[in-house]
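Taken in order, the sequence shown gives residues 0 to 233; the numbers are from numbering that gives the first Met the number 0. For reference, the structure discussed in these notes is given below.
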Amino acid sequence: MVTDEERAFMLHAYAPESRARINLGIRRRLAPLLGNDRRKIELMNSLLFSLAGTPILYYGDELGMGDNFYLGDRDGVRTPMQWTPDRNAGFSRANPQQLYLPAIIDPDYHYESVNVENQQRHGSSLYWWMRRMLAVRQSAAAFARGGIEFLQPENDRVLAYLRRDEGQVILVVANLSRFAQVTEMNLSAYARWVPKELFGGNLFPEIKSTPTPFALGPYGFYWLGLSSAEAQKK
(Lines of atoms letter the chains of each structure in order from A; the text may use other names.)
(Lines give C-alpha, C1' and ligand atoms only; values in the text may rest on other atoms or scores of the structure.)
Protein backbone atom coordinates (compact mmCIF):
# COMPACT_ATOMS: atom_id res chain seq x y z
CA MET A 0 0.00 0.00 0.00
CA VAL A 1 1.05 3.59 -0.56
CA THR A 2 0.22 6.78 1.29
CA ASP A 3 -2.24 9.34 -0.10
CA GLU A 4 0.71 11.62 -0.84
CA GLU A 5 2.55 8.89 -2.75
CA ARG A 6 -0.60 7.99 -4.69
CA ALA A 7 -1.16 11.63 -5.65
CA PHE A 8 2.42 11.85 -6.90
CA MET A 9 2.07 8.69 -9.03
CA LEU A 10 -1.22 9.85 -10.53
CA HIS A 11 0.28 13.22 -11.39
CA ALA A 12 3.39 11.64 -12.95
CA TYR A 13 1.86 8.68 -14.79
CA ALA A 14 -1.82 9.48 -15.30
CA PRO A 15 -2.34 13.23 -15.68
CA GLU A 16 -5.33 12.47 -17.93
CA SER A 17 -8.24 11.63 -15.61
CA ARG A 18 -9.56 9.00 -18.05
CA ALA A 19 -6.43 6.94 -17.36
CA ARG A 20 -7.41 6.53 -13.70
CA ILE A 21 -9.77 3.98 -12.18
CA ASN A 22 -10.74 3.71 -8.54
CA LEU A 23 -7.42 4.19 -6.69
CA GLY A 24 -5.21 2.98 -9.54
CA ILE A 25 -4.10 3.56 -13.11
CA ARG A 26 -5.51 1.69 -16.11
CA ARG A 27 -2.68 1.90 -18.61
CA ARG A 28 -0.27 -0.55 -20.25
CA LEU A 29 3.43 -0.33 -19.47
CA ALA A 30 4.54 1.33 -22.73
CA PRO A 31 2.17 4.33 -22.65
CA LEU A 32 2.62 4.54 -18.87
CA LEU A 33 6.34 5.18 -19.52
CA GLY A 34 5.88 7.45 -22.53
CA ASN A 35 6.90 4.65 -24.92
CA ASP A 36 10.53 5.17 -23.83
CA ARG A 37 12.42 1.97 -24.73
CA ARG A 38 15.09 2.52 -22.07
CA LYS A 39 12.49 2.94 -19.32
CA ILE A 40 10.57 -0.12 -20.53
CA GLU A 41 13.73 -2.24 -20.44
CA LEU A 42 14.66 -0.96 -16.98
CA MET A 43 11.22 -1.68 -15.52
CA ASN A 44 11.22 -5.20 -16.95
CA SER A 45 14.72 -5.78 -15.57
CA LEU A 46 13.38 -4.94 -12.11
CA LEU A 47 10.24 -7.02 -12.59
CA PHE A 48 12.26 -10.11 -13.48
CA SER A 49 15.03 -9.70 -10.91
CA LEU A 50 13.18 -8.69 -7.75
CA ALA A 51 11.76 -11.31 -5.40
CA GLY A 52 8.37 -12.81 -6.18
CA THR A 53 6.63 -14.21 -9.24
CA PRO A 54 6.76 -11.85 -12.24
CA ILE A 55 3.62 -11.48 -14.35
CA LEU A 56 3.80 -10.20 -17.93
CA TYR A 57 0.52 -8.90 -19.36
CA TYR A 58 -0.16 -10.01 -22.91
CA GLY A 59 1.20 -7.59 -25.49
CA ASP A 60 3.59 -5.83 -23.10
CA GLU A 61 6.40 -7.89 -24.64
CA LEU A 62 5.74 -5.87 -27.81
CA GLY A 63 5.15 -2.48 -26.23
CA MET A 64 1.42 -2.54 -27.05
CA GLY A 65 -0.61 0.57 -26.40
CA ASP A 66 -4.06 1.01 -24.85
CA ASN A 67 -7.27 2.96 -25.33
CA PHE A 68 -8.41 4.62 -22.12
CA TYR A 69 -11.45 6.06 -23.91
CA LEU A 70 -13.02 2.60 -23.55
CA GLY A 71 -14.93 1.99 -20.33
CA ASP A 72 -13.76 0.30 -17.13
CA ARG A 73 -10.56 -1.74 -17.70
CA ASP A 74 -11.37 -2.46 -21.35
CA GLY A 75 -8.73 0.04 -22.42
CA VAL A 76 -6.03 -2.57 -21.74
CA ARG A 77 -8.06 -5.55 -23.02
CA THR A 78 -7.93 -4.76 -26.74
CA PRO A 79 -7.14 -7.54 -29.26
CA MET A 80 -3.64 -9.01 -29.22
CA GLN A 81 -1.66 -7.57 -32.13
CA TRP A 82 -0.38 -10.59 -34.06
CA THR A 83 -0.02 -9.21 -37.59
CA PRO A 84 -0.55 -5.98 -39.57
CA ASP A 85 -3.61 -7.55 -41.25
CA ARG A 86 -7.30 -6.92 -40.53
CA ASN A 87 -8.14 -6.85 -36.82
CA ALA A 88 -4.41 -7.20 -36.06
CA GLY A 89 -4.67 -10.89 -37.02
CA PHE A 90 -6.79 -11.48 -33.91
CA SER A 91 -10.01 -12.28 -35.78
CA ARG A 92 -11.30 -12.55 -39.34
CA ALA A 93 -14.65 -11.03 -38.36
CA ASN A 94 -15.98 -7.73 -39.59
CA PRO A 95 -14.10 -5.10 -37.51
CA GLN A 96 -17.46 -3.72 -36.34
CA GLN A 97 -18.29 -7.09 -34.79
CA LEU A 98 -15.30 -7.15 -32.46
CA TYR A 99 -16.15 -6.79 -28.78
CA LEU A 100 -13.30 -4.26 -28.49
CA PRO A 101 -11.53 -2.42 -31.33
CA ALA A 102 -7.87 -2.94 -32.21
CA ILE A 103 -5.46 -0.13 -31.30
CA ILE A 104 -5.11 2.50 -34.04
CA ASP A 105 -3.25 5.17 -32.05
CA PRO A 106 -0.39 6.34 -34.34
CA ASP A 107 2.32 5.46 -31.79
CA TYR A 108 0.97 1.95 -31.13
CA HIS A 109 -0.98 1.11 -34.31
CA TYR A 110 -1.37 -2.63 -34.84
CA GLU A 111 0.02 -2.28 -38.39
CA SER A 112 3.43 -1.39 -36.93
CA VAL A 113 3.39 -2.84 -33.39
CA ASN A 114 2.71 -6.55 -33.81
CA VAL A 115 4.33 -9.95 -33.32
CA GLU A 116 5.00 -10.58 -37.01
CA ASN A 117 6.92 -7.34 -37.50
CA GLN A 118 8.96 -7.65 -34.32
CA GLN A 119 9.92 -11.26 -34.98
CA ARG A 120 11.66 -10.03 -38.15
CA HIS A 121 13.95 -7.62 -36.30
CA GLY A 122 16.56 -8.86 -33.84
CA SER A 123 16.68 -5.49 -32.08
CA SER A 124 12.93 -5.40 -31.36
CA LEU A 125 11.48 -5.34 -27.85
CA TYR A 126 10.05 -8.81 -28.49
CA TRP A 127 13.51 -10.37 -28.95
CA TRP A 128 14.97 -8.31 -26.12
CA MET A 129 12.31 -9.74 -23.81
CA ARG A 130 13.01 -13.27 -25.04
CA ARG A 131 16.69 -12.87 -24.20
CA MET A 132 15.92 -11.45 -20.76
CA LEU A 133 13.58 -14.33 -19.96
CA ALA A 134 16.20 -16.86 -21.08
CA VAL A 135 18.80 -15.29 -18.76
CA ARG A 136 16.36 -15.26 -15.86
CA GLN A 137 15.46 -18.91 -16.38
CA SER A 138 19.13 -19.86 -16.34
CA ALA A 139 19.66 -18.30 -12.89
CA ALA A 140 18.04 -20.18 -10.01
CA ALA A 141 18.73 -17.28 -7.63
CA PHE A 142 16.08 -15.18 -9.39
CA ALA A 143 13.43 -17.85 -8.86
CA ARG A 144 14.21 -19.11 -5.36
CA GLY A 145 16.90 -16.89 -3.90
CA GLY A 146 16.70 -14.46 -1.04
CA ILE A 147 17.16 -10.74 -1.54
CA GLU A 148 19.41 -8.24 0.23
CA PHE A 149 19.24 -4.54 -0.59
CA LEU A 150 22.53 -2.64 -0.64
CA GLN A 151 23.17 1.00 0.13
CA PRO A 152 24.93 2.75 -2.78
CA GLU A 153 26.29 6.22 -2.10
CA ASN A 154 24.14 7.57 -4.95
CA ASP A 155 20.44 7.46 -4.04
CA ARG A 156 19.48 7.40 -7.73
CA VAL A 157 20.95 3.91 -8.00
CA LEU A 158 19.10 0.83 -6.73
CA ALA A 159 21.20 -2.25 -5.91
CA TYR A 160 20.46 -5.64 -4.40
CA LEU A 161 21.81 -9.18 -4.18
CA ARG A 162 19.92 -12.35 -5.09
CA ARG A 163 21.44 -15.50 -3.53
CA ASP A 164 20.60 -19.19 -3.70
CA GLU A 165 22.78 -22.22 -2.86
CA GLY A 166 26.07 -20.56 -3.62
CA GLN A 167 24.85 -18.54 -6.60
CA VAL A 168 25.12 -14.79 -6.08
CA ILE A 169 23.73 -12.20 -8.49
CA LEU A 170 24.20 -8.46 -8.09
CA VAL A 171 21.59 -6.19 -9.68
CA VAL A 172 22.47 -2.51 -10.14
CA ALA A 173 19.92 -0.15 -11.71
CA ASN A 174 20.05 3.55 -12.55
CA LEU A 175 16.60 5.04 -11.88
CA SER A 176 17.60 8.42 -13.35
CA ARG A 177 17.34 9.78 -16.88
CA PHE A 178 20.95 10.95 -16.51
CA ALA A 179 24.15 8.88 -16.39
CA GLN A 180 25.16 8.09 -12.82
CA VAL A 181 28.28 6.98 -10.95
CA THR A 182 28.25 5.33 -7.53
CA GLU A 183 30.32 3.19 -5.18
CA MET A 184 29.27 0.20 -3.07
CA ASN A 185 30.89 -1.76 -0.29
CA LEU A 186 31.26 -5.30 -1.65
CA SER A 187 34.20 -6.25 0.55
CA ALA A 188 32.41 -9.47 1.56
CA TYR A 189 33.11 -10.61 -2.01
CA ALA A 190 36.69 -9.37 -2.25
CA ARG A 191 38.66 -11.17 -4.96
CA TRP A 192 35.43 -12.35 -6.59
CA VAL A 193 34.80 -11.47 -10.24
CA PRO A 194 31.50 -10.04 -11.58
CA LYS A 195 30.30 -11.51 -14.87
CA GLU A 196 27.66 -9.68 -16.89
CA LEU A 197 24.89 -12.22 -17.49
CA PHE A 198 23.72 -11.03 -20.91
CA GLY A 199 27.02 -10.76 -22.77
CA GLY A 200 29.26 -12.85 -20.53
CA ASN A 201 31.79 -10.02 -20.13
CA LEU A 202 33.97 -10.02 -17.01
CA PHE A 203 34.26 -6.94 -14.81
CA PRO A 204 37.36 -6.06 -12.73
CA GLU A 205 37.93 -8.17 -9.62
CA ILE A 206 36.17 -6.85 -6.50
CA LYS A 207 38.53 -5.26 -3.95
CA SER A 208 38.20 -4.66 -0.23
CA THR A 209 37.74 -0.97 -1.04
CA PRO A 210 34.40 0.41 -2.35
CA THR A 211 33.57 -0.82 -5.86
CA PRO A 212 32.71 1.88 -8.45
CA PHE A 213 29.92 1.55 -11.01
CA ALA A 214 29.02 3.79 -13.94
CA LEU A 215 25.60 3.46 -15.55
CA GLY A 216 23.99 5.15 -18.52
CA PRO A 217 20.53 6.74 -18.34
CA TYR A 218 18.07 4.10 -17.06
CA GLY A 219 20.88 1.56 -17.40
CA PHE A 220 21.23 -1.63 -15.37
CA TYR A 221 23.51 -4.61 -14.77
CA TRP A 222 22.80 -8.21 -13.89
CA LEU A 223 26.14 -9.49 -12.58
CA GLY A 224 26.90 -13.02 -11.47
CA LEU A 225 29.52 -13.02 -8.71
CA SER A 226 31.96 -15.90 -8.32
CA SER A 227 35.50 -16.46 -7.09
CA ALA A 228 38.41 -15.97 -9.46
CA GLU A 229 39.14 -19.70 -9.15
CA ALA A 230 35.61 -20.59 -10.22
CA GLN A 231 35.94 -18.33 -13.27
CA LYS A 232 38.97 -20.32 -14.44
CA LYS A 233 37.14 -23.66 -14.42
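The beta-carbon is built from N, C-alpha and C at its ideal position, and this holds for glycine as well. Values in this document were obtained by computation on a predicted structure and should not be read as measured data.
Contact set for residue i: own chain, Cβ-Cβ below 6 Å, skip 5 residues either direction
i      : result
Asp164 : Ala140, Ala141, Arg144, Gly145
Ser208 : Ser187, Ala190
Ser124 : Gln118
Trp127 : none
Val181 : Ala214
Residue i classed as buried or exposed, judged by whether at least 16 other C-beta atoms fall within 10 angstroms
i      : result
Glu4   : exposed
Val168 : buried
Val236 : In this structure the chain extends from 0 to 233, so residue 236 is not present and cannot be described.
Contact under 8 Å by Cβ, residue i with residue j
i      : j      : result
Leu46  : Lys39  : no
Met80  : Phe90  : yes
Lys195 : Gly166 : no
Coil, strand or helix - residue i by DSSP
i      : result
Ser226 : strand
Ile21  : strand
Ala139 : coil
Gln167 : strand
Leu158 : strand
Ile40  : helix
Asn87  : helix
Proximal residues to residue i (C-beta, below 8 Å), its chain only, five neighbours per side dropped
i      : result
Arg27  : Tyr13, Ala14, Ala19, Asp66, Phe68, Gly75, Val76
Val1   : Met9
Asp105 : Gly65, Asn67
Thr211 : Glu183, Met184, Asn185, Leu186
Val113 : Leu62, Gly63, Met64, Gly65, Gln81, Ile103
With a threshold of 8 Å, are at least 3 pairs of Cβ atoms found where one atom belongs to the stretch 110-130 and the other to the stretch 50-62? In this structure the stretch 110-130 touches the stretch 50-62; the number of beta carbon pairs closer than 8 Å is three or more.
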